[in-house]
Amino acid sequence: MDELNVEDEQVHQLIELSAQAQSCTACHLSQIRTKVVFGEGNPKAPLVFVGEGPGQQEDATGRPFVGRAGALLDECLLECRLTRKYVYICNVVKCRACEIENGRARNRAPRPDEIEACFNWLDQQLRLIGPLVIVCLGAPSANTLIHKNFRMLQERGTWFTSSPFARYIMATLHPAYILRQDAEGFASGRAQLIGDIESARKKVAAARKEAPPTLF
Ligand code: URA
Numbered sequence: 002m003d004e005l006n007v008e009d010e011q012v013h014q015l016i017e018l019s020a021q022a023q024s025c026t027a028c029h030l031s032q033i034r035t036k037v038v039f040g041e042g043n044p045k046a047p048l049v050f051v052g053e054g055p056g057q058q059e060d061a062t063g064r065p066f067v068g069r070a071g072a073l074l075d076e077c078l079l080e081c082r083l084t085r086k087y088v089y090i091c092n093v094v095k096c097r098a099c100e101i102e103n104g105r106a107r108n109r110a111p112r113p114d115e116i117e118a119c120f121n122w123l124d125q126q127l128r129l130i131g132p133l134v135i136v137c138l139g140a141p142s143a144n145t146l147i148h149k150n151f152r153m154l155q156e157r158g159t160w161f162t163s164s165p166f167a168r169y170i171m172a173t174l175h176p177a178y179i180l181r182q183d184a185e186g187f188a189s190g191r192a193q194l195i196g197d198i199e200s201a202r203k204k205v206a207a208a209r210k211e212a213p214p215t216l217f
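Dropping the structure here:
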């Protein structure tokens, strides 16, 4: 098989995996979801963003980061001259986690058992894409992919090389968290997110120039 065929096969497998995920019943979130939000973007992306989990609009559309947090993410990507065509975007859990409060569904953070039940999808997804760089958006993603005691305040923007899924991995602020801050907090959070995305863009360029990792 030549290199082109190997890549085509990888894209095909990712599409297959997404199709399989649509009927997942590994946890109880499957009972309340509208759509599985597998992820989208460039299947050969050197840069992957991993968020927390779908919200209301993502659940309704089946697409990641399409609400207000997604608009902020798109805006910050653009500041770094990046678009969704270049990157891949997904979440640690593929179904919306919510609870009913006063008769209305309210988003909540996914619980450890839900993250664990969903990890099989994320694991296969990231192995198929094989990015050079991963950026975790928010603590649940960082706790899952970097280390379980990740502290955003102390470790945001720090590069780690311990991931089985990418040569470099870091975590930054979740856009939804930035949206919840007051005007001053919003401005500084947005600037930090842009700075970290820019750092990731540069890391991809630097990693491309490095020698490929050897097996021995
Ligand atoms: N927040 C996330 O973490 N993921 C989405 O897809 C949307 C909002």
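Just so we're aligned: 48 in the working numbering is position 47 of the sequence shown, and the numbers increase by one with no gaps anywhere.
Heads up, the beta-carbon is just placed ideally off N, CA and C, and yes, glycines get one too.
Once you ignore the five residues that flank residue i on each side, which residues in its own chain have a CB closer than 6 Å to its CB?
| i | result |
| --- | --- |
| Val134 | Leu48, Ala167, Tyr169, Ala201, Lys204 and Val205 |
| Val12 | Pro44 |
| Asp197 | Gly158 and Thr173 |
| Arg82 | none |
| Ser280 | Missing from the structure shown is residue 280; the chain here goes from 2 to 217 and no further. |
What residues in its chain sit with their C-beta under 8 Å from that of residue i, if we drop five residues either side in the sequence?
| i | result |
| --- | --- |
| Arg114 | Sequence check: residue 114 is Asp here, not Arg. Around Asp114: Cys28. |
| Arg209 | Pro47 and Leu133 |
| Ala22 | Val37, Phe39, Lys95 and Trp122 |
| Leu138 | Phe50, Val51, Gly52, Glu53, Leu74, Ala172, Thr173, Leu174, His175 and Pro176 |
| Ile101 | Arg107 |
Could you please give the first and the last residue of the uninterrupted beta strand (DSSP E) stretch that includes residue i?
| i | result |
| --- | --- |
| Phe50 | Leu48 to Gly52 |
| Ala106 | Arg105 to Asn108 |
| Leu133 | No beta strand (DSSP E) contains Leu133, which DSSP labels as neither H nor E. |
| Ala167 | Ala167 -> no beta strand (DSSP E), and no H or E assigned at all. |
| Ala101 | Here residue 101 turns out to be Ile, not Ala, going by the sequence shown. From DSSP, the beta strand (DSSP E) with Ile101 extends over Cys99 to Glu102. |
In chain order, what residues of the same chain have a beta carbon less than 7 Å from the beta carbon of residue i, not counting five sequence neighbours either side?
| i | result |
| --- | --- |
| Leu194 | Cys77, Thr173, Leu174, Pro176 and Ile179 |
| Leu79 | none |
| Ser142 | Val51, Gly52, Glu53, Val93 and Ala172 |
| Ser31 | Cys25 and Cys96 |
Looking at the secondary structure, which residues open and close the alpha helix (DSSP H) in which residue i lies?
| i | result |
| --- | --- |
| Tyr178 | Pro176 to Leu180 |
| Ile198 | Ala184 to Lys210 |
| Leu83 | Here Leu83 belongs to no alpha helix (DSSP H), and DSSP marks it neither H nor E. |
| Ile130 | Pro113 to Ile130 |
| Thr145 | Ala140 to Leu146 |
| Thr62 | Gln57 to Thr62 |
Establish whether the CB of residue i and some CB of chain C are separated by less than 8 Å.
| i | result |
| --- | --- |
| Val67 | As a matter of chain content, chain C is missing from the structure shown, which is built from one protein chain. |
Any alpha helix (DSSP H) of 4 or more consecutive residues that is wholly inside the stretch 2–32: 4–22
Shell residues, 7 Å Cβ cut-off relative to heavy atoms of the ligand COA: Ligands in the displayed structure: the ligand URA; the ligand COA is not one of them.
At least three beta-carbon pairs within less than 8 Å, the stretch 58–75 to the stretch 13–20: no
Any 3 or more C-beta pairs closer than 8 Å across the stretch 103–111 and the stretch 148–158: no
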